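So the sequences go chain by chain: A and B.
At position 72 of the first sequence (counting the first as 1) the number is 72 in our numbering, and the numbers step up by one without a gap.
Just so we're on the same page, our numbering is the position in the second sequence counted from 1, plus 1000.
Reviewing the structure listed below.
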Amino acid sequence: MNIIIAEDQRMLLGALAALLSMEDDIHVIAQANNGKDALNLIRTYEPDLCMLDIEMPIMSGLDVAEAVKEEDLPSKVIILTLSPVKVTSNERCMPASAAIY
Amino acid sequence: MQSQLHLAHEEIKRLVKAEERERIARDLHDTLGHTLSAISLKGELAEKFIPNDASRAMQEIQDIRQTARTTLQQVRTLVSGMYASDLKKELEQGEQLLASAGMTSTVTGPFTEIALSPFIEHVLSMCLREALTNVARHSQATYVIVQLEHNDGHVILSVMDNGIGIHRREGHGISGMREVLELVGGRLSIANQVQGGALICMTVPQTMLHIDTHSKEEHRL
Chain A
1 MNIIIAEDQR MLLGALAALL SMEDDIHVIA QANNGKDALN LIRTYEPDLC
51 MLDIEMPIMS GLDVAEAVKE EDLPSKVIIL TLSPVKVTSN ERCMPASAAI
101 Y
Chain B
1001 MQSQLHLAHE EIKRLVKAEE RERIARDLHD TLGHTLSAIS LKGELAEKFI
1051 PNDASRAMQE IQDIRQTART TLQQVRTLVS GMYASDLKKE LEQGEQLLAS
1101 AGMTSTVTGP FTEIALSPFI EHVLSMCLRE ALTNVARHSQ ATYVIVQLEH
1151 NDGHVILSVM DNGIGIHRRE GHGISGMREV LELVGGRLSI ANQVQGGALI
1201 CMTVPQTMLH IDTHSKEEHR L
């Protein structure tokens, strides 16, 4: 499975990518520090899955999930958050077909 | 008049305290949430590396130690309330924040020369932080200008960007800024520019500065 990870905290991004890369069936093909770069990478590589931090500069994970849905890109989206999930986030995730963790 | 002034000062103190508490809670969450997650993930990585790659495991363990140490310092600074409440420091941190969001920034005006009372400086710093955080998060700008002007009896701090403008409803951060500025006799204005992007203006009147600087003993805030 090809995945793209986007997270603005570089250390967290590095650790997450390294950990997932250790799995035989997961290939981390690209990483981004903000939502805008993530969306460009998703458009270019069309990964099977993208993991997006909910809060990122320039474009949030939720903005990217909505763009992925709107542009009909084939990638599945997982939104990552450290905070308790807000109702508004859930409301935005469902139409965008994104899962939130 | 004297008692009205006193009441206004009490109200300002209350608002600033509430804002400060909220900021500390948010900063603690941002700092601790991310670093503890990183420490946890790096711990898991180290565990996986131990059987086959001891040197990589050691590297991860050293990272964990360093991260924990840095985080401890950040939390101490945060809780002790020494966390950037002067305008110059706030400006430096703001520039770093904008750079990390891929935005170029230009700063103009007499930031180093202007003498503000600690309280006014605190209010302006808090508002500048909020404004730049909003720009970094929502504006999609590539270029930001931060300008300080001092004329016609007012100090005006403005933040101008070339992004998408402000189209969402006013959030807690913006209304908090407006409230605190109005209570010191200042105002906040937010507008979308004709050529695109937003302009945030924070104005503090000179008269408030005089009251604050010349009668410190009476009206210390």
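Beta carbons: idealized from backbone N, C-alpha and C, even for Gly.
Computed from a predicted structure; not experimentally measured.
Quick one: using the 10 Å Cβ neighbour count with 16 as the cut-off for buried, is residue 96 of chain A buried or exposed?
Label assigned to residue 96 of chain A: buried.
Selection from A:71, A:61, A:75, A:70 that minimises the alpha carbon distance to residue 90 of chain A:
Comparing Cα positions, the closest option is A:61.
Spatial neighbours of residue 92 of chain A within its chain, please: CB distance less than 6 Å, with the 5 preceding and 5 following residues excluded, ordered by chain position.
Here the set comprises 62.
Alpha-carbon to alpha-carbon, residue 1124 of chain B and residue 1105 of chain B:
The straight-line gap from Cα to Cα measures roughly 19 Å.
Under 8 Å Cβ to Cβ from residue 46 of chain A, same chain only, skipping five residues before and after it: list those, please.
Taking residue 46 of chain A as the centre and dropping the five residues before and after it, the same chain places the C-beta of 73, 74, 75 closer than 8 Å to its C-beta, in chain order.
Between residue 1015 of chain B and residue 1063 of chain B, what straight-line distance do the alpha-carbon atoms span, to the nearest angstrom?
Roughly 39 Å separates the two Cα atoms.
If you measure beta-carbon to beta-carbon, which residues of the region 43-66 of chain A are closer than 9 Å to chain B?
Going along the region 43-66 of chain A in chain order, one finds 55, 56, 57, 58, 59, 60 with a Cβ nearer than 9 Å to chain B.
Quick one: complete beta strand (DSSP E) runs, 3+ long, within the region 49-83 of chain A?
Within the region 49-83 of chain A, the complete beta strand (DSSP E) runs of at least 3 residues are 49-53, 76-80.
I need the straight-line Cα distance from residue 10 of chain A to residue 33 of chain A, nearest angstrom please.
Roughly 7 Å between the two C-alpha positions.
At least one CB of chain B closer than 8 Å to the CB of residue 41 of chain A: is that the case?
Residue 41 of chain A has a beta carbon lying at 8 Å or more from every beta carbon in chain B.
Output yes if chain A places a C-beta closer than 8 Å to the C-beta of residue 1140 of chain B; else output no.
Yes, residue 1140 of chain B lies at the interface with chain A (some Cβ there is under 8 Å from its Cβ).
Integer-rounded CB distance, given that residue 1163 of chain B should sit under 8 Å from residue 1223 of chain B:
Since the first residue shown for chain B is 1001 and the last is 1221, residue 1223 of chain B is missing from the structure and cannot be characterised.
Can you check whether the C-beta of residue 1048 of chain B is within less than 8 Å of a C-beta belonging to chain A?
Chain A contact via Cβ: present.
What's the gap between the Cα of residue 1179 of chain B and the Cα of residue 1203 of chain B?
Taking the straight line joining both Cα atoms gives about 12 Å.
CA-to-CA distance, residue 19 of chain A to residue 1154 of chain B, given in whole angstroms
Distance between the alpha carbons of residue 1154 of chain B and residue 19 of chain A: 54 Å.
Can you list, in chain order, the residues of the region 1030-1043 of chain B whose Cβ is nearer than 8 Å to any Cβ on chain A?
The residues in question are 1033, 1034, 1035, 1037, 1038, 1041, 1042.
With 8 Å as the threshold, decide whether the Cβ of residue 1067 of chain B is near any Cβ in chain A.
For residue 1067 of chain B, the answer is yes, since a Cβ of chain A falls inside 8 Å of its Cβ.
Compile a chain-ordered list of the residues in the region 1095-1121 of chain B whose CB is closer than 7 Å to at least one CB of chain A.
Within the region 1095-1121 of chain B, 1100, 1101, 1102 place their CB atoms closer than 7 Å to a CB of chain A, listed in sequence order.
Who are the near neighbours of residue 59 of chain A in its chain, counting only those whose CB is closer than 7 Å to its CB and skipping five residues on each side?
Spatial neighbours of residue 59 of chain A in its own chain (CB-CB distance under 7 Å, excluding positions within 5 residues in sequence) are listed in chain order as 34, 35, 36, 39.
Would you mind reading off the limits of the alpha helix (DSSP H) that contains residue 1122 of chain B?
Where residue 1122 of chain B is concerned, the enclosing alpha helix (DSSP H) stretches over 1118-1134.
Along the chain, where does the beta strand (DSSP E) that runs through residue 37 of chain A open and close?
Here residue 37 of chain A belongs to no beta strand (DSSP E); instead the alpha helix (DSSP H) covers 35-45.
Just mark residue 1051 of chain B as buried or exposed, buried being the case when its beta carbon has 16 or more other beta carbons within 10 Å.
Exposed.
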